[in-house]
Amino acid sequence: RFARARVEELLEAGPARAEPVCPAFGSCGGCAWQHVAYPAQLEAKRAILADALRRIGGIDPGALEPCVPSPAEYGYRGRTRVRALAGRVGYLRRHSHALCAVSRCPVLVPALDARLHELAASPPREDGEWELAAGDGDLRAARAGEPAPRIHLEVAGRRVGVSAGVFTQSNALLAAELARRVAAAAGEGG
Numbered sequence: 057r058f059a060r061a062r063v064e065e066l067l068e069a070g071p072a073r074a075e076p077v078c079p080a081f082g083s084c085g086g087c088a089w090q091h092v093a094y095p096a097q098l099e100a101k102r103a104i105l106a107d108a109l110r111r112i113g114g115i116d117p118g119a120l121e122p123c124v125p126s127p128a129e130y131g132y133r134g135r136t137r138v139r140a141l142a143g144r145v146g147y148l149r150r151h152s153h154a155l156c157a158v159s160r161c162p163v164l165v166p167a168l169d170a171r172l173h174e175l176a177a178s179p180p181r182e183d184g185e186w187e188l189a190a191g192d193g194d195l196r197a198a199r200a201g202e203p204a205p206r207i208h209l210e211v212a213g214r215r216v217g218v219s220a221g222v223f224t225q226s227n228a229l230l231a232a233e234l235a236r237r238v239a240a241a242a243g244e245g246g
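Read in our numbering, the sequence shown has 104 at position 48, and its numbers run on one by one without any break.
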């Protein structure tokens, strides 16, 4: 009922193909879309959602609105989890438990990218997972599962404290738009 495939050779790039910015793209399991031009990414994600609603949820998606684009294709992610393993820091390789060591990540907001670079330059002594999160004027880099200070985000005119391990919208540049749309859907905004 489905098939899996693997690209063995690229004969001719399609019109929506883009050159990945990250040198670890393809090995690192963090990103899956850098080889696709941003407008095509948005359309593909809308189509994936429509398919999931129809096929899995049994819901007719009707005329789904286009995805809201991020103000920036890179430098938007306000939180991430990285691994420290045997004196190296990075993300897990795609479809693996092996580490793909990185010292930079172009999707992270600049403050987190700088913190990742520092962590990679001076790796933790103990293996484990680390949460990096940026707030409005504060930053957290803490070992997962250990007590850590809160970061603070400005959301819909309110200052919200976010504890370690708590999910927040990872695209820091779209958090305000997400809050606005949720409030509007709940009948509290426009």
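For every residue, glycine included, the Cβ atom is placed at its ideal position computed from N, Cα and C.
Measure how close the beta-carbons of residue i and residue j come, nearest whole angstrom, since I'm counting them as under 8 Å.
{"i": "Pro203", "j": "Arg196", "result": "Not confirmed; about 11 Å, so no contact."}
{"i": "Ala140", "j": "Gly184", "result": "6 Å"}
{"i": "Val165", "j": "Gly134", "result": "5 Å"}
{"i": "Trp186", "j": "Val138", "result": "5 Å"}
{"i": "Arg173", "j": "Arg160", "result": "The residue you asked about is not Arg; residue 173 is His in the sequence shown. That belief holds up - the Cβ atoms of His173 and Arg160 are roughly 6 Å apart, short of 8 Å."}
{"i": "Val158", "j": "Tyr130", "result": "Not confirmed; about 14 Å, so no contact."}
Check residue i in the structure and name its three-state DSSP category.
{"i": "His91", "result": "coil"}
{"i": "Ala69", "result": "coil"}
{"i": "Arg62", "result": "coil"}
{"i": "Val163", "result": "coil"}
{"i": "Leu148", "result": "strand"}
{"i": "Gly57", "result": "The sequence shown places Arg at residue 57, not Gly. Three-state DSSP puts Arg57 in coil, outside helix and strand."}
{"i": "Leu195", "result": "strand"}
{"i": "Leu120", "result": "coil"}
Sort out for me which residues DSSP pairs residue i with in a bridge.
{"i": "Thr136", "result": "Leu188"}
{"i": "Leu109", "result": "According to DSSP, Leu109 bridges with nothing at all."}
{"i": "Ile207", "result": "Val218"}
{"i": "Leu155", "result": "Leu148"}
{"i": "Phe81", "result": "Cys84"}
{"i": "Leu141", "result": "Arg144"}
Taking 9 Å as the threshold (C-beta atoms), are residue j and residue i in contact?
{"i": "Arg199", "j": "His208", "result": "no"}
{"i": "Leu188", "j": "Leu175", "result": "yes"}
{"i": "Ala228", "j": "Tyr132", "result": "yes"}
{"i": "Ala220", "j": "Ala235", "result": "no"}
{"i": "Leu120", "j": "Ala106", "result": "yes"}
{"i": "Pro76", "j": "Cys87", "result": "yes"}
{"i": "Arg149", "j": "Gly85", "result": "yes"}
Within 8 Å, do at least three Cβ pairs link the region 144-151 to the region 92-109?
no
Taking contact to mean at least 3 C-beta pairs separated by less than 8 Å, is the region 97-106 in contact with the region 114-128?
yes
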